[in-house]
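Engineer: Numbering (the working numbering), first residue to last: 85 to 502.
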Amino acid sequence: MKNIVSVLVKTVKRCLLAAGCLLLCLSACGESRAAGNITNMRIGQQVGSVRIVFEADRAFDYKAFLLTDPKRLVVDVYDMDIKNTLQSDKNNIISQTRVGKLDANNKRVVFDLLKPVFIKKAFTLKPQSNMKWRFVVDVALCSERDFKAKVGSKHAFSSQNDQNVKTASADEGKSWFFNDEDKPRKARKKIIVLDPGHGGKDPGAIGAYGKTYEKNITLAMGKELKSILEKKGYKVYLTRSTDVFIPLRQRVRIAQRYKADLFMSIHADSALNRNAKGLSVYTLSEKASDKEAAALAERENKVDIIGGVDFSENSKEINDILISLSQTDSRNKSSKFATYMVNEMSKTVKLVNNTHRFAGFAVLKAPDIPSVLLEMGYLSNRNEERLLKQSGYRKKLATSASKAIDRYFNDPEIAALY
Ligand SMILES: [Zn+2]
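(1) Looking at C-alpha atoms only, which residue of Ala360, Tyr342, Leu332 is the closest neighbour of Ala446?
(2) Do three or more CB pairs link the segment 468-482 to the segment 306-315 at distances below 8 angstroms?
(3) In this structure, what does DSSP give as the bridge partners for His440?
(4) Could you pull out every residue in the same chain whose Cβ sits closer than 7 angstroms to the Cβ of Leu151, ignoring the five residues on either side in sequence?
(5) With a cut-off of 8 angstroms on the beta carbons, I'd call Arg358 and Ser475 a contact; round off their distance for me.
(6) In the DSSP assignment, find the unbroken alpha helix (DSSP H) run with Ile338 in it and report its ends.
(7) What I want to know is whether the C-beta of Arg478 ends up closer than 8 angstroms to one or more non-hydrogen atoms of ligand 1.
(8) Got a sec, what are the start and stop residues for the alpha helix (DSSP H) Lys479 sits in?
(9) Heavy atom of ligand 1 less than 8 angstroms from the Cβ of Ala289, yes or no?
(10) Return no unless some Cβ of chain C is closer than 9 angstroms to the Cβ of Lys480.
(11) Could you say if the segment 203-210 and the segment 174-194 meet the contact criterion of at least three C-beta pairs nearer than 8 angstroms?
(12) Would the beta-carbon of Ala289 fall within 9 angstroms of that of Ser354?
(13) Mind checking Asp286: buried by the 16 CB within 10 Å criterion, or exposed?
(14) Helix, strand or coil for Ala143 per DSSP?
(15) Please tell me whether, using a cut-off of 8 angstroms, the distance from the CB of Gly281 to the nearest non-hydrogen atom of ligand 1 is below it.
(16) Pull the bridge partners of Lys185 from the DSSP assignment, please.
(17) If I measure Cβ to Cβ from His440 and keep anything under 6 angstroms in the same chain, skipping five residues before and after, which residues do I get?
(18) With DSSP collapsed to three states, give me the class of Ser243.
(19) Would Gln129 be called buried (16 or more neighbouring beta carbons within 10 Å of its own) or exposed?
(20) Is any heavy atom in ligand 1 found nearer than 8 angstroms to the beta carbon of Glu298?
(21) Is it buried or exposed for Ala339, if we count other Cβ within 10 angstroms and need 16 for buried?
(22) DSSP on Val328, reduced to helix/strand/coil?
(23) Using the Cα positions of Asn190 and Tyr146, report the straight-line distance between them to the nearest angstrom.
(24) So, Met460 versus Ile350, is the Cβ gap smaller than 9 angstroms?
(25) Whose C-beta lies closer than 6 angstroms to the C-beta of Phe138 among residues of the same chain, with five residues either side of it excluded?
(26) Counting only the same chain and skipping the five closest in sequence on each side, list residues whose C-beta sits under 6 angstroms from that of Val328.
(27) Out of Ile203, Val134, Asn416, Gly132, which has the shortest C-alpha to C-alpha gap to Ser455?
(28) Grab me the residues of Ser419's own chain with a C-beta within less than 8 angstroms of its C-beta, minus the 5 sequence neighbours each way, in chain order.
(29) What I want to know is whether the C-beta of Thr323 ends up closer than 8 angstroms to one or more non-hydrogen atoms of ligand 1.
(30) Using the rule of at least 16 other Cβ atoms within 10 Å of the residue's Cβ for burial, across every protein chain shown, is Arg335 buried or exposed?
(31) For the beta strand (DSSP E) holding Thr123, just list the boundary residues, first then last.
(32) Need the endpoints of the beta strand (DSSP E) that Arg156 sits in, please.
(33) Got a sec? Which residues, its chain only, sit under 6 angstroms from Glu256 by beta carbon, not counting five neighbours each side?
(34) If you run the structure through DSSP and keep just helix, strand and coil, what is Arg415?
Structure follows, in structure tokens:
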């Protein structure tokens, strides 16, 4: 009897064990759900950073980290299938994307990097309106040294250390993050910073005939253009609205502080040749398009020497990054805007030859803001000095400039960013 009992107990134990195993197995199988699907990946570029968005039919575990030699961003995704599609804007950070198998259930997405970056953020967004689950990785440019310090899986961003699945906040809802179909319903007002050149102790060019100060003409033009643009629904700021001296670097900072979508510095030129006349539009370049442009940039940049400001406060490395950035994204936008400016202005006024020129103006060096410098004409030319003093003439110029600004923001490539 004792034997039978002990056998029974053993059998029951075995059964329980087996059932337990079965239960364990079932629950384990339940945990590893059927693989989800990443249905889409897209890359959007801001100046200096890119945002990679994975769209998926459910939340998933991930690990995002950097590898070197060659530079790569790796995103491992667990228990997910990836439809091998990637929508990518042109960008100057990621050259190509590859999707491979990490093992049977898990995938590895490799982004080949053109430049050193760090992972700023990685997070998951809950489904919202007509959008699915989204997993977002933001990377931003950094120095080689900072990149090297962040390489390896020990610096990984993963679902283990970032459990805060959230709904999109204002910051993450930035326009470029959205697809065409899920753009915010009402676009925010475009922000324009106008920069009346010179001011205070720095008069700028002085009219050869009527002794007109450039600083007064630029301020009058700035105010005129501001009022026209505001009527059109833009948000407009002036770097100065009175006769004050502002160093060039600070003018750029003002534009950055207001998060300008567009920056326009307003000037009037002068030349030894009294016959020189016409309007021109400049965008930034390290190399001037011609000697005249180089000389002008030198004259305009001297303002800061007057103001006693040190230009060299950035390290070489940071300067190189800034320059390489303005060479691409905002420089392309600046050129696009300059082209619209030239087109519209040519309907109103006499332009110089090669109206769109390039030179190293300090005031155009906001790396993240499309910027142009407008030279409205020559104060050294008798006729142009007379015209620039007339509010009616300035109004004509301002109206043309405002049309160019409309056309720029309506350009399909630019409009797509908002
Ligand atoms: Zn000037």
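We put the CB at the ideal spot given by N, CA and C, even for glycine.
Quantities reported herein were computed from a predicted structural model and do not represent experimental measurements.
Structural biologist: Based on what the coordinates show:
(1) Nearest of Ala360, Tyr342, Leu332 to Ala446, Cα basis: Leu332.
(2) The way I'd put it, the segment 468-482 does touch the segment 306-315; three or more beta-carbon pairs between them come closer than 8 angstroms.
(3) Its beta-bridge partners are Val365.
(4) So the qualifying residues of the chain are Val158, Val235.
(5) Between Ser475 and Arg358 the Cβ distance is about 24 angstroms, and since that is not below 8 angstroms, they are no contact.
(6) Looking at the DSSP string, the run of the alpha helix (DSSP H) that includes Ile338 is 332-341.
(7) Every heavy atom of ligand 1 is 8 angstroms or more from the Cβ of Arg478, so no.
(8) Annotation for Lys479: the continuous alpha helix (DSSP H) segment containing it runs 475-494.
(9) Yes, the Cβ of Ala289 comes within 8 angstroms of a heavy atom of ligand 1.
(10) This model lacks chain C altogether; it includes just one protein chain.
(11) At 8 angstroms Cβ cutoff, the stretches do not touch.
(12) Yes, the pair counts as a contact, with Cβ atoms nearer than the cut-off.
(13) Note on Asp286: 16 or more other CB atoms within 10 angstroms of its CB, so buried under the neighbour-count rule.
(14) Coil at Ala143, not helix or strand.
(15) Relative to the non-hydrogen atoms of ligand 1, the Cβ of Gly281 comes within a distance shorter than 8 angstroms of at least one.
(16) Secondary-structure assignment with DSSP links Lys185 through a beta bridge to Lys191.
(17) So the qualifying residues of the chain are Val365, Ala422, Val426.
(18) For Ser243, the secondary structure class from DSSP, reduced to helix, strand or coil, is coil.
(19) Around the Cβ of Gln129, a 10 Å sphere holds 16 or more other Cβ atoms; the residue is buried.
(20) Between ligand 1 and the CB of Glu298, the shortest heavy atom gap is smaller than 8 angstroms.
(21) Classification of Ala339: buried, given that the 10 Å Cβ count is 16 or more.
(22) The answer is coil: DSSP assigns Val328 none of H, G, I, E or B.
(23) Taking the straight line from one Cα to the other gives about 10 angstroms.
(24) Cβ distance < 9 angstroms, so Met460 and Ile350 count as in contact.
(25) If the five residues before and after Phe138 are omitted, its C-beta is found closer than 6 angstroms to the C-beta atoms of Ile122, Met125, Phe219, all from its own chain and listed in chain order.
(26) Hits under 6 angstroms: Gly283, Gly284.
(27) Across the set Ile203, Val134, Asn416, Gly132, the C-alpha of Asn416 shows the shortest separation from the C-alpha of Ser455.
(28) So the qualifying residues of the chain are Thr367, His440.
(29) Outside the cutoff, so no.
(30) Per the 10 Å Cβ criterion, buried.
(31) Element bounds for Thr123: 120-130.
(32) Here the beta strand (DSSP E) through Arg156 covers 156-162.
(33) With a pLDDT of 43 at Glu256, under the threshold of 50, the modelled position of this residue cannot be trusted, and the question is left open.
(34) Of the three classes helix, strand and coil, the one that applies to Arg415 here is helix, per DSSP.
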